[in-house]
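A.B. asks: In the working numbering, the protein residues as written are 135 to 607.
Just so you know, even glycine gets a beta-carbon here, dropped at the ideal spot from N, CA and C.
1. Should residue 589 and residue 578 be called a contact, given that it needs their Cβ atoms to be closer than 8 Å?
2. Is residue 262 buried or exposed, if buried means 16 or more other CB atoms sit within 10 Å of its CB?
3. Specify the secondary structure class of residue 606 as computed by DSSP and reduced to three states.
4. Let me check understanding here. Comparing Cα to Cα, which of 472, 557, 549, 515 lies closest to residue 521?
5. Just confirm the distance between the C-beta atoms of residue 462 and residue 525, as a whole number of angstroms; I'd bet it's less than 8 Å.
6. Provide the residue span of the beta strand (DSSP E) that contains residue 232, from first to last.
7. Please list the segments of the beta strand (DSSP E) lying wholly inside the segment 419-490, counting only runs of 3 or more residues, in order along the chain.
8. Can you tell me whether residue 590 sits near the ligand FMN, meaning its C-beta is under 7 Å from at least one heavy atom of the ligand?
9. Buried or exposed: residue 560, going by 16 or more other Cβ atoms within 10 Å of its Cβ?
10. For residue 251, which residues does DSSP report across the bridge?
11. If I'm right that residue 545 touches residue 223 with Cβ under 8 Å, what's the distance once you round it to whole angstroms?
12. If residue 514 sits next to residue 492, beta carbons under 8 Å apart, how far is it from one beta carbon to the other, in whole angstroms?
13. With DSSP as the reference, label residue 513 as helix, strand or coil.
14. Please go through the same chain and pick out, in chain order, the residues whose beta-carbon is closer than 7 Å to the beta-carbon of residue 564, but skip the five residues on each side of it.
15. Applying the 10 Å Cβ sphere with the 16-neighbour rule, what's the burial state of residue 433?
16. If you reduce the DSSP assignment to three classes, tell me which class residue 535 lands in.
17. Taking C-alpha atoms, which residue in 496, 481, 502 lies nearest to residue 467?
18. Keeping to the same chain, check which residues put their C-beta closer than 7 Å to that of residue 417; ignore five residues upstream and five downstream.
19. So what's residue 609 in DSSP terms, helix, strand or just coil?
20. Just the Cα atoms here: how many angstroms apart are residue 566 and residue 366?
21. Excluding the 5 residues flanking residue 283 on each side, which residues of the same chain have their C-beta closer than 6 Å to its C-beta?
22. Using a threshold of 8 Å, state whether the C-beta atoms of residue 230 and residue 245 are closer than that.
23. Does DSSP put residue 279 in a helix, in a strand, or in coil?
24. According to DSSP, what are the bridge partners of residue 494?
25. Under 8 Å Cβ to Cβ from residue 359, same chain only, skipping five residues before and after it: list those, please.
26. Pick helix, strand or coil for residue 593, following the three-state DSSP scheme.
27. Check this for me: beta carbons of residue 531 and residue 474, under 8 Å apart or not?
28. Using only alpha-carbon positions, find the residue among 297, 354, 378 that is nearest to residue 212.
29. Which residue or residues does DSSP assign as beta-bridge partners of residue 412?
30. Output the boundary residues of the beta strand (DSSP E) element that contains residue 521.
31. Can you give me the C-alpha to C-alpha distance between residue 420 and residue 489, rounded to a whole angstrom?
32. Considering just the uninterrupted stretch of the beta strand (DSSP E) at residue 219, what are its terminal residues?
33. My assumption, with CB atoms under 8 Å, is that residue 541 sits in contact with residue 258. Please give the rounded CB distance.
34. Helix, strand or coil for residue 373, going by three-state DSSP, please let me know.
35. Where DSSP assigns a beta bridge to residue 293, which residues make up the other side?
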């Protein structure tokens, strides 16, 4: 067991001999700083600040169109209209994906109506109409990926009678609107050059199926399934799909003509291409920059959590008997977030930003909590975690994690944290791991799984008694 620095509070008493439960925590640092973990007090007089008061639930507004993205136009060919361009919905956003349109052409719009949903590099956000009018023309259809910032999304008119004038309206910008992403067609087999002199009529033979450079036959998954079930040889079938790819219908025709013989067939594709979301692209870019530009160093300690588990059980029993917090159930991670926030106040170096020309020490602790989502890893923030009670932290983390997995986080909910906690303790097989610092933060705390182990009594020493052996023979 490693001991905490002098400024920290002890995790357990020295000389306690017991079978304890401990977790392994690793801390990554960008500068020479010490992270302390503070054990919550078991004193009943100190329980009240742990819970805190429940803040009012404020409805997070959806992203509205910025004024710069709406311009008034009028020309001889078109009535007065407003052009709605794609704005930057997050500081790091460069492109977006139009996930869906919530209004269709001809619909009346009121200020604040949800116009469409845009996937940014961080989350999927609702995009509101800037003012009242009618949706005359949708320029970028839903499903369109990698739409650059400033690209024309739609046209809004004030009068319903002006909608018909924009039926054939097109964006006159320099850049053409990107079309929805499509799977690239397989490369077609180039045809051989024609001979200068006429050649004799070739003897009819069966065409050779399209194969890859490695000799693998190109076929659809359904065609391969049929070939496997029927024991058919795909190597003797001419495909009618793009690039000579074998389709299921090709196997039916080959079976009738008797050109297919039972052989060992390929059972599946060699790989699957998974498209990258904007979030995964951003994560990959930022983590690569972090590892390339930040000199990480790591400290690992074992922490005994027997006392933490005891107080957690007692607090959950108290919450269950209450009314307002009866649905709240504290987790170990809630204690870790609270303890980390208090430790950051004692060690400001761990709660600082590297700003290239200076170091900014933050006076408040906003803890970023790593959450895994289908679109990628995101870190929603528990703001002012040092001043909040455990019950409040628990509720906020659960709400933030749910919205993160649903892709409904707003930018201010995951940008600007001062310290990060990444917890893999729920996976029992993960004893410890190394995490990557989230710039411009200086530290990230990695929490591994808990396990029971025997802890020696550090107070006891060893004595030796030397005996005259002849006296006992």
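C.D. replies: According to the data block:
1. no
2. By the 10 Å Cβ count, residue 262 comes out buried.
3. helix
4. Its Cα nearest to that of residue 521, the residue 472 stands out among 472, 557, 549, 515.
5. 5 Å
6. Unbroken beta strand (DSSP E) run through residue 232: 229-235.
7. 431-438, 486-488
8. Ligands in the displayed structure: none, and consequently the ligand FMN is not present.
9. exposed
10. 234, 260
11. 7 Å
12. Rounded, the Cβ-Cβ distance is 28 Å, inconsistent with contact.
13. coil
14. 558, 582, 583
15. exposed
16. helix
17. Comparing Cα positions, the closest option is 502.
18. 510, 511
19. Residue 609 lies beyond the residue range present for the chain, which begins at 135 and ends at 607; the question has no answer from this structure.
20. Taking the straight line joining both Cα atoms gives about 50 Å.
21. 220, 222
22. no
23. coil
24. DSSP output for residue 494 lists 487 as bridge partner(s).
25. The beta carbon of residue 359 sits closer than 8 Å to no other beta carbon from its chain once the five residues preceding and following it are set aside.
26. coil
27. Their beta carbons are not under 8 Å apart, which means residue 531 does not touch residue 474 by this criterion.
28. 297
29. Residue 412 is not bridged to any residue.
30. Segment: none, residue 521 is in no beta strand (DSSP E) and carries neither H nor E.
31. 16 Å
32. 215-219
33. 4 Å
34. For residue 373, the three-state secondary structure derived from DSSP is coil.
35. In the DSSP output, where bridge partners are listed per residue, residue 293 has none listed.
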